[in-house]
Structure formats: C-alpha cells, structure tokens
Amino acid sequence: MNRDELAEFLRVCRARVTPADVGLPAGGTRRTPGLRRQEVAQLAGMSIDYYIRLEQGRGPHPSRQVLNALSRALVLGQDERAHLFHVAGQPLDRPRIREDVPQSMLHLIAFLDEVPAYVLDARYDLRAWNPMATTIMGNLDGLAPEQRNVLRWIFTSPDIGKHFDDEEKGAFARASVSDLRAAAGRYPDDRRIQALVAELLALSPEFAELWSRHEVRVRREQRKRIHHPVVGTIDTICQVMPVPDRDDLRLVLYTTEPGSPSHQALRELRQYTLSS
C-alpha cells in the first residue's frame with residue numbers, strides 16, 4: 062500500500078467532484094473546490110475521522126468494501142477505480158508486462174500495407190511496427206530499444222513548448238500521461254515504469270505538472286494530424302485497441318476517412334514506401 066499516493070489521489074479526486082455531481086446542495090461559500098471531507102465520508106458511509114486519516118496518509122489498510130464505497134462517493138470511472146485499488150494495496154489483479162508480441166499480431170500489422178500500424182506496450186515502448194509506421198515515424202529499426210519510447214520522444218524533445226502550443230498535440234500528451242498513470246497502477250511492481258516516471262519527472266517540468274494532476278484514463282481513440290515531407294498533411298484517426306488476451310499490449314492504427322484527401326495521401330505514401 063502506498064499511503065502517500067493514496068492520500069494525494071483521494072485529495073485530487075475529491076476536489077474534482079462538485080456537490081451537484083452527487084446530488085448535494087451547494088451549501089453556501091466553499092473555501093476549496095469540490096466536496097468537503099465530511100461529505101465524502103457521509104457518501105461513503107464511514108466516519109469523518111477515518112476518511113481524514115486516509116487523506117493524511119496515516120490511515121489503516123482500507124478493505125475492498127471501503128474502496129468500493131469511496132469509488133462511488135468520488136464518482137470514479139473504471140480506470141480511476143482500478144487505480145484506487147492498486148495504490149491502496151488491493152489490486153484487482155497482479156499482472157505483469159511481458160516482452161513478447163503474439164505472432165498473430167505480427168502477421169496482422171504486416172498485412173495492413175496501407176495503414177500505419179504498430180504495437181505499443183504499457184510503458185509506451187514500441188514492440189512491433191509495419192513499414193508504413195516507419196514511414197511516418199522515422200527509422201525505428203535504427204533505434205536502440207530504450208529509444209523507442211513515445212513518452213521520451215514527447216517530453217525530452219527540445220520543441221516541447223511548441224508541442225503544447227498545438228491543441229491536438231497537447232491533448233495527445235495529456236492523454237498519454239493519464240494512460241501511463243493508469244499503467245503504473247495496473248503494474249505496481251514494474252521497475253521500468255517506475256524508472257521511466259522518475260526519469261521524466263527529473264527531465265521534464267511539463268511531464269511533472271501533468272503527473273501531479275493524478276488523472277487516470279486509458280487512451281483509446283484520438284484524432285491526429287501528421288505533417289509528412291512527401292505527401293503533406295494527413296488527418297488520421299488514431300485507433301487504440303487492446304490485443305486479445307494481452308492487457309499489456311495495444312494495437313495502434315492510423316486510419317483515414319475513405320475517399321478523403323488524407324486517404325489518398327496515405328495511398329501515395331504507400332507507393333513512396335514501396336519505391337524507396
């Protein structure tokens with residue numbers, strides 16, 4: 062159980078919930094945003110003293126019943142609930158991140174010859190990719206394994222300020238950090254996730270600020286605009302799908318609207334890939 066992490070997560074979640082969210086009257090002037098501690102305790106059916114001790118990092122080991130009650134009181138989503146259980150030392154499961162990619166998935170991305178596709182693990186390390194992915198992401202084969210990490214690319218880039226000036230890229234960065242926070246909860250024993258977080262906290266104020274928000278959300282689908290030197294701008298839908306029977310892996314596809322200029326650009330990019 063990580064008492065400090067649990068305490069901070071509870072405080073952040075409490076600040077996000079308004080009385081209206083849980084059917085309570087606003088009740089006059091409030092000194093802090095969100096719910097009061099006594100309101101959370103009341104909604105969760107526990108004593109105010111017990112809840113205060115949890116928020117101060119000195120509480121007892123909460124039971125699953127208590128954690129479920131807090132999840133309801135704080136209106137937690139599925140990903141946030143799982144994170145709460147993990148930091149409280151009551152993980153819903155105890156998975157680990159494996160190093161292999163199923164052969165069926167390798168065959169699938171190889172067959173997707175018009176679609177940039179790659180396999181990403183919970184640490185944001187690239188595990189496999191097809192030629193179209195290499196065309197838009199650069200020479201992945203020439204990188205050392207530790208260099209094939211999407212979060213390192215984002216938060217150690219010298220252009221990180223410009224990255225956040227772009228609304229779409231900023232949203233992608235925020236979603237990725239929230240996703241990593243969820244992964245850190247799912248895999249509390251993974252030392253490489255711990256090392257990655259420590260590295261980025263030390264190197265990137267932007268990452269540190271986002272990490273301090275304690276936002277927990279698994280990334281799924283997002284629009285992404287790619288600027289390619291050969292075919293120009295490509296507007297894609299970044300589809301993120303779980304790999305069957307492998308919670309530690311996700312398949313990422315960059316698709317376009319059929320018949321759109323971006324669709325035609327991807328086809329031209331495929332021809333360029335085949336001829337180069």
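Take 62 as the starting number for the sequence shown in this note's numbering and just add one per residue.
Just so it is clear, CB atoms sit at the ideal spot from N, CA and C, and this is done for glycine as well.
Compute the Euclidean distance between the alpha carbons of residue i and residue j, then round it to the nearest angstrom.
i    : j    : result
E329 : A234 : 28 Å
D220 : M107 : 48 Å
P303 : G246 : 17 Å
D174 : A326 : 14 Å
H224 : P94  : 30 Å
E282 : E141 : 18 Å
L115 : A149 : 10 Å
Y111 : L145 : 17 Å
L261 : R159 : 22 Å
G118 : D226 : 36 Å
V313 : Q99  : 43 Å
S218 : R274 : 21 Å
A243 : L71  : 15 Å
W190 : I113 : 48 Å
P290 : T317 : 18 Å
L271 : V238 : 7 Å
D65  : P249 : 14 Å
E69  : R75  : 10 Å
V127 : D161 : 37 Å
S134 : R125 : The residue you asked about is not Ser; residue 134 is Ala in the sequence shown. For A134 and R125, the distance between alpha carbons rounds to 14 Å.
H168 : A130 : 45 Å
G120 : L137 : 20 Å
I298 : R92  : 42 Å
P305 : I109 : 43 Å
Y236 : L212 : Just to set this straight, residue 236 is Ala in the shown sequence, not Tyr. Their backbone Cα atoms lie some 11 Å apart in a straight line.
H147 : T294 : 41 Å
R286 : Y315 : 10 Å
G232 : V258 : According to the sequence displayed, residue 232 carries Ala and not Gly. So the two alpha carbons sit approximately 19 Å from each other.
V78  : V292 : 46 Å
Which whole-angstrom value describes the C-beta separation of residue i and residue j, a residue pair presumed to lie in contact below a C-beta threshold of 8 Å?
i    : j    : result
R284 : D296 : 7 Å
L96  : P80  : 7 Å
D309 : A143 : That pair is no contact at about 14 Å.
P163 : R307 : 7 Å
V279 : D240 : 6 Å
For residue i, count neighbouring Cβ atoms within 10 angstroms of its own Cβ and tell me buried if that reaches 16, exposed if not.
i    : result
L181 : buried
M193 : buried
M166 : buried
A178 : buried
Y185 : buried
S321 : exposed
L204 : exposed
E229 : exposed
V277 : buried
Y333 : exposed
F216 : buried
M102 : It should be pointed out that residue 102 corresponds to Ala in this sequence rather than to Met. Answer is buried; the Cβ neighbour count reaches 16.
H288 : exposed
P319 : exposed
T196 : buried
L335 : exposed
P123 : buried
D82  : exposed
A263 : exposed
R188 : buried
N200 : exposed
D202 : exposed
A396 : Since the first residue of the chain shown is 62 and the last is 337, residue 396 is not available in this structure.
R209 : buried
So is residue i in contact with chain C if we call contact Cβ pairs under 7 Å?
i    : result
L167 : The structure shown has no chain C; it contains just one protein chain.
Give a single yes or no on whether residue i has its beta carbon closer than 6 Å to a heavy atom of the ligand MG.
i    : result
N200 : Although the ligand MG was asked about, the structure shown includes no ligands whatsoever.
Checklist entry - Does the segment 264-271 touch the segment 244-253, meaning 3 or more C-beta pairs lie closer than 8 Å? => result Output reads no: the segment 264-271 does not touch the segment 244-253.
Item to check | Whole beta strand (DSSP E) elements within the segment 292-316, 3-residue minimum | outcome: Restricted to the segment 292-316, the beta strand (DSSP E) segments that are unbroken, complete and at least 3 residues in length are 293-304, 307-316, listed in chain order.
Item to check | Contiguous alpha helix (DSSP H) assignments of at least 4 residues, all confined to the segment 142-206 | outcome: If one requires a minimum length of 4 residues, the alpha helix (DSSP H) runs lying completely within the segment 142-206 are 164-172, 192-198, in chain order.
Checklist entry - What are the uninterrupted segments assigned as beta strand (DSSP E) that are 3 or more residues long and contained completely in the segment 214-290, given in chain order? => result DSSP runs (the beta strand (DSSP E)) wholly in the segment 214-290: 282-289.
Checklist entry - Enumerated in chain order, which unbroken segments of the alpha helix (DSSP H) with a length of 4 residues or greater are wholly contained in the segment 72-109? => result With a minimum length of 4 residues, the continuous alpha helix (DSSP H) runs that stay inside the segment 72-109 are 98-105.
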